[in-house]
Amino acid sequence: MAELTYRDAVARGIAQEMARDPDVVFLGEDVAKAGGVFKATVGLLEQFGPVRVRDTPISEQAILGAAMGAAMTGLKPIAEIMFSDFFAVCFDYIANEFAKSRYMSNGQLKCPLVVRTGNGAGSRFGAQHSQSVENWCMMIPGLKVVAPSTPRDVIGLLAAAVRDPDPVIFLEHKSLYPTKGEVPEGEIVDALGSARIVRRGKDATILALALMVPRALEAAETLKVQHGIDCEVIDVRSLVPLDTQTILGSVGRTHRLFTVEENPRLCGWGAEIVSIVADEAFYELDGPPVRITTPHIPLPAADILEDMALPTVPRIAERVRKSLQS
Amino acid sequence: MQDKPTNPTDGRPGINDDIGEQLRLRMYRMQFELREAEQRAFDLFLQNLVKGTSHLSLGQEAVATGFAAAMKPGDLSFCTYRGHAHTLARGVPVEKVLGELMQRDNGLMRGKGGSMHLTSAEHGVMGSYAIIGAHLPIACGAAWRAQYKGDKDVSVCFFGDGTTNIGAFHEALNFAAVWKLPVIFVCENNLYMEYTPIGDVTAVAHPAADRAASYGLERILIDGNDADVVYRAAASAYEKARAGGGPSLIECLTYRYSGHSRADPAKYRPEGELERWKERDPIKIYRERLKQFGIGDQVVLDIETQVRRELDEATEKCKAAAMPPLDILSTDVYADGGFAWRN
Numbered sequence: 109m110a111e112l113t114y115r116d117a118v119a120r121g122i123a124q125e126m127a128r129d130p131d132v133v134f135l136g137e138d139v140a141k142a143g144g145v146f147k148a149t150v151g152l153l154e155q156f157g158p159v160r161v162r163d164t165p166i167s168e169q170a171i172l173g174a175a176m177g178a179a180m181t182g183l184k185p186i187a188e189i190m191f192s193d194f195f196a197v198c199f200d201y202i203a204n205e206f207a208k209s210r211y212m213s214n215g216q217l218k219c220p221l222v223v224r225t226g227n228g229a230g231s232r233f234g235a236q237h238s239q240s241v242e243n244w245c246m247m248i249p250g251l252k253v254v255a256p257s258t259p260r261d262v263i264g265l266l267a268a269a270v271r272d273p274d275p276v277i278f279l280e281h282k283s284l285y286p287t288k289g290e291v292p293e294g295e296i297v298d299a300l301g302s303a304r305i306v307r308r309g310k311d312a313t314i315l316a317l318a319l320m321v322p323r324a325l326e327a328a329e330t331l332k333v334q335h336g337i338d339c340e341v342i343d344v345r346s347l348v349p350l351d352t353q354t355i356l357g358s359v360g361r362t363h364r365l366f367t368v369e370e371n372p373r374l375c376g377w378g379a380e381i382v383s384i385v386a387d388e389a390f391y392e393l394d395g396p397p398v399r400i401t402t403p404h405i406p407l408p409a410a411d412i413l414e415d416m417a418l419p420t421v422p423r424i425a426e427r428v429r430k431s432l433q434s
Numbered sequence: 025m026q027d028k029p030t031n032p033t034d035g036r037p038g039i040n041d042d043i044g045e046q047l048r049l050r051m052y053r054m055q056f057e058l059r060e061a062e063q064r065a066f067d068l069f070l071q072n073l074v075k076g077t078s079h080l081s082l083g084q085e086a087v088a089t090g091f092a093a094a095m096k097p098g099d100l101s102f103c104t105y106r107g108h109a110h111t112l113a114r115g116v117p118v119e120k121v122l123g124e125l126m127q128r129d130n131g132l133m134r135g136k137g138g139s140m141h142l143t144s145a146e147h148g149v150m151g152s153y154a155i156i157g158a159h160l161p162i163a164c165g166a167a168w169r170a171q172y173k174g175d176k177d178v179s180v181c182f183f184g185d186g187t188t189n190i191g192a193f194h195e196a197l198n199f200a201a202v203w204k205l206p207v208i209f210v211c212e213n214n215l216y217m218e219y220t221p222i223g224d225v226t227a228v229a230h231p232a233a234d235r236a237a238s239y240g241l242e243r244i245l246i247d248g249n250d251a252d253v254v255y256r257a258a259a260s261a262y263e264k265a266r267a268g269g270g271p272s273l274i275e276c277l278t279y280r281y282s283g284h285s286r287a288d289p290a291k292y293r294p295e296g297e298l299e300r301w302k303e304r305d306p307i308k309i310y311r312e313r314l315k316q317f318g319i320g321d322q323v324v325l326d327i328e329t330q331v332r333r334e335l336d337e338a339t340e341k342c343k344a345a346a347m348p349p350l351d352i353l354s355t356d357v358y359a360d361g362g363f364a365w366r367n
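First to last, the protein sequences are chains A and B.
Numbering-wise (this note's numbering), the first sequence opens with residue 109 and increments by one.
Numbering-wise (this note's numbering), the second sequence opens with residue 25 and increments by one.
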């Protein structure tokens with residue numbers, strides 16, 4: 109075991125897959141010579157050379173279109189879109205093209221590609237460089253959507269994404285890049301579509317994704333220490349495929365459900381999960397499911413405002429306490 | 025742009041020029057088949073047997089024919105929603121195309137794609153794309169794969185004049201030029217973006233050719249109604265791409281006889297314009313070309329009879345074909361064959 113940052117885990121994950129399979133190629137803006145604006149891809153150019161690790165112009169449509177054409181014809185591209193907010197300028201590829209080509213062609217075409225992107229708030233970048241867009245992606249049939257919260261999961265889920273035969277949106281949280289975690293030596297390969305129970309508890313189930321996972325864990329500690337409330341925390345990890353069995357199993361034990369979502373409230377991933385739980389585990393619930401989300405607002409730049417927008421540890425803890433003690 | 029017969033042999037002038045008799049007969053047959061098939065598609069609308077929308081290439085047959093004739097097996101085509109002709113030109117059976125237009129189980133994609141998304145990977149037709157400009161970057165990606173793997177195939181991307189004003193066109197041209205990709209961009213300038221004349225909405229007179237210099241590419245503007253001219257331009261672009269010389273952008277001047285889509289009667293066209301273009305009809309031009317090279321009327325007539333017979337047979341097969349089975353509604357969303365998004 110060695111300690112690695114989430115940022116370095118990205119480069120290690122890509123390197124692991126590029127070393128394994130010569131069909132894996134990597135392209136994006138400033139990813140090669142500069143090593144990425146978040147320095148998450150440092151060293152890949154030196155290790156794999158300019159034919160496999162390629163800088164592109166600022167052309168998000170060309171990046172995703174090229175990744176798609178390459179994937180359709182035999183490569184396994186990893187494409188970087190620097191900020192997930194920029195999905196909006198190349199959304200045709202995400203929503204209309206590589207998500208649908210298999211279906212429209214009746215199975216003739218395939219698009220085994222990965223789109224990596226820096227997602228989420230915390231950098232005080234304002235409304236166009238801070239969004240959590242997982243809900244933009246989750247709603248599109250044909251895509252898979254994952255969002256790791258730890259360095260180990262970055263490597264394992266990235267490997268699973270590269271090896272997956274479907275297009276995968278891989279959401280890296282910008283605020284998690286400097287965080288550290290234990291990572292074993294050697295190859296790490298995870299599975300898409302499995303949630304992880306990161307804290308056992310009996311009083312409530314808290315679901316979280318990416319940056320919200322450490323916050324939910326901290327809130328759970330606070331609740332335990334200050335109020336004796338014992339929460340189970342689940343890192344959802346993969347929105348599509350969604351591990352509903354782990355979630356339903358947990359709700360069956362705790363009988364209460366909370367979601368902690370960074371995406372703005374409307375149509376957030378938690379709404380879909382609450383709907384599933386209402387359909388399939390309604391009589392397991394001892395109280396209404398509660399969604400703790402960013403409000404339905406664009407994100408502000410000022411730190412005190414941005415901090416107020418996202419679910420915080422005190423807000424999560426307070427909301428859970430109030431619900432359980434009312 | 026007038027083709028001049030050369031190398032007279034056999035008493036027939038020019039029959040063994042760079043194109044030759046066999047290929048010319050093949051190109052005539054192809055243009056005639058495209059014309060008849062599109063006309064049949066139109067007739068089938070009127071009988072309410074083709075549902076949804078449809079975008080015909082009537083009048084633009086020489087472009088699809090000339091390019092397809094210059095391709096090698098393994099070359100890849102990327103088409104637009106106006107893609108019936110380009111799909112047929114790669115050798116896809118007309119029954120499969122009409123079947124898809126009629127949304128039957130015998131269609132290319134069993135009715136799951138429809139008229140705007142014709143795809144036949146086994147023939148190198150890597151999809152027809154209904155979002156303007158989307159397929160230019162995608163063709164770049166296929167060309168990147170060829171370059172990366174050392175494959176010798178070339179990707180060609182067909183689009184209309186309207187596409188030259190969308191961002192993806194410019195992103196793809198720059199990207200292909202910088203990466204020196206083996207890709208050919210073919211603009212079929214039929215003078216109308218959809219309903220609006222392209223000249224009314226474009227800063228330059230020739231929407232593709234006049235932009236070539238921006239990407240360090242040669243300005244290529246050709247008569248898109250003469251299959252020989254198209255073939256020669258295509259062959260030269262393929263040769264350049266295969267030799268590692270990078271992309272080409274070719275603007276083909278042509279004209280569509282029908283409206284933009286099924287819903288469009290094309291009333292916006294000035295009086296006499298259609299008639300003037302019909303004087304330069306690609307099939308008419310090519311019939312005269314064959315005559316010029318000494319090919320007899322009977323040969324031409326035999327080709328036409330055979331094409332019509334095959335088309336009639338295909339039409340009947342499609343009319344008799346089953347509708348798609350309902351269980352394919354949710355197949356092939358994901359690679360496991362199904363649509364499961366949860367456990």
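C-beta: ideal position from N, C-alpha, C; glycine also.
_Let's see if you can read the secondary structure: which residues bound the beta strand (DSSP E) around B:CYS103?_
100-104
*Report all residues from its chain with a CB closer than 8 Å to the CB of A:LEU347; omit the five preceding and five following residues, and keep chain order.*
GLU242, CYS245, MET246, VAL253, VAL254, ALA255, LEU317, TRP377
_Whole-angstrom distance between A:GLY309 and A:LYS218, CA atom to CA atom_ = 42 Å
_With a threshold of 9 Å between beta-carbons, can A:LYS218 be considered close to chain B, or not?_
yes
*Roughly how many whole angstroms lie between the Cα atoms of A:ARG271 and A:THR313?*
31 Å
*Taking 8 Å as the threshold, find out whether the segment 347-367 of chain A comes into contact with the segment 47-57 of chain B through three or more Cβ pairs.*
no
*Beta-carbon of A:ARG162 versus every beta-carbon of chain B: anything under 9 Å?*
yes
_At the level of alpha carbons, what is the spacing between B:ILE352 and B:ASP129?_
10 Å
*Inspect the beta-carbon positions of A:VAL262 and A:LEU315 and report whether they are closer than 9 Å.*
no
*Alpha carbon to alpha carbon, how far is B:GLY135 from A:ASN204?*
18 Å
*Examine chain A for any beta-carbon lying closer than 9 Å to the beta-carbon of B:LEU335, and answer yes or no.*
no
*Using three-state DSSP, classify A:GLY136 as helix, strand or coil.*
strand
*So B:LEU215 is in the beta strand (DSSP E); what residue range does that whole segment cover?*
From DSSP, B:LEU215 is part of no beta strand (DSSP E); its letter is neither H nor E.
*asked:* According to DSSP, is A:PRO259 part of a helix, a strand, or is it coil?
replied: helix
_According to DSSP, A:ALA187 sits in a beta bridge with which residue or residues?_
A:LEU135, A:VAL223
*Distance between B:TYR279 and A:ILE355 (C-alpha atoms, nearest Å)*: 59 Å
*Keeping to the same chain, check which residues put their C-beta closer than 6 Å to that of A:SER302; ignore five residues upstream and five downstream.*
ASP351
*What residues of chain B sit near A:THR181, judged by a beta carbon separation below 8 Å?*
LEU100, MET150, GLY165, ALA166, ARG169, ALA170
*By a C-beta neighbour count over all protein chains shown, 10 Å radius and 16 as the cutoff for buried, is B:ARG300 buried or exposed?*
exposed
*Inter-residue Cα distance where the pair is B:ALA237 and B:PRO97*: 31 Å
*What is the rounded straight-line gap between the Cα of B:GLY320 and the Cα of B:ASP67?*
30 Å
*Whole-number beta carbon distance between B:PRO289 and B:VAL207, since they are thought to touch under 8 Å*: About 36 Å; that fails the 8 Å criterion.
_Proximity test, Cβ basis, 9 Å: B:SER81 and chain A_ = no
*Could you tell me which residues DSSP pairs with A:ALA316 in its beta bridges?*
A:ASP343, A:VAL368
_Backbone CA spacing between A:PRO419 and A:ALA235 [nearest angstrom]_ = 17 Å
*Could you tell me which residues DSSP pairs with B:LEU275 in its beta bridges?*
A small correction: the amino acid at residue 275 of chain B is Glu; Leu does not occupy that position in the sequence shown. According to DSSP, which records beta bridges pairwise, B:GLU275 is partnered with B:CYS211, B:LEU245.
*Counting only the same chain and skipping the five closest in sequence on each side, list residues whose C-beta sits under 6 Å from that of B:SER285.*
THR77, HIS79
*What number of angstroms, rounded off, separates the C-alpha of B:ASP99 from the C-alpha of B:VAL178?*
5 Å
*What residues of chain A sit near B:TYR255, judged by a beta carbon separation below 8 Å?*
Within 8 Å Cβ-Cβ: nothing; B:TYR255 doesn't reach chain A, min ~25 Å.
_My output table needs one value for A:GLU401: the three-state DSSP class, helix, strand or coil._
The residue asked about is misnamed: residue 401 of chain A is Thr in this sequence, not Glu. Note: A:THR401 maps to strand in three-state DSSP.
*Going straight from the alpha carbon of B:ASP305 to that of B:ARG59, what length do you get?*
11 Å
*Determine the chain A residues that contact B:TYR239 at a beta-carbon separation under 9 Å, and present them in chain order.*
In chain order: nothing, as chain A lies at least about 11 Å away.
_Give me the residue from A:MET180, A:GLU414, A:ILE166, A:ASP311 with the minimum Cα distance to A:SER240._
A:GLU414
*Taking only beta-carbon positions, decide if A:ILE384 is within less than 9 Å of chain B.*
yes
*Quick one: using the 10 Å Cβ neighbour count with 16 as the cut-off for buried, is B:SER144 buried or exposed?*
buried
_Identity of the residues DSSP links to A:ARG307 by a beta bridge_ = A:VAL341
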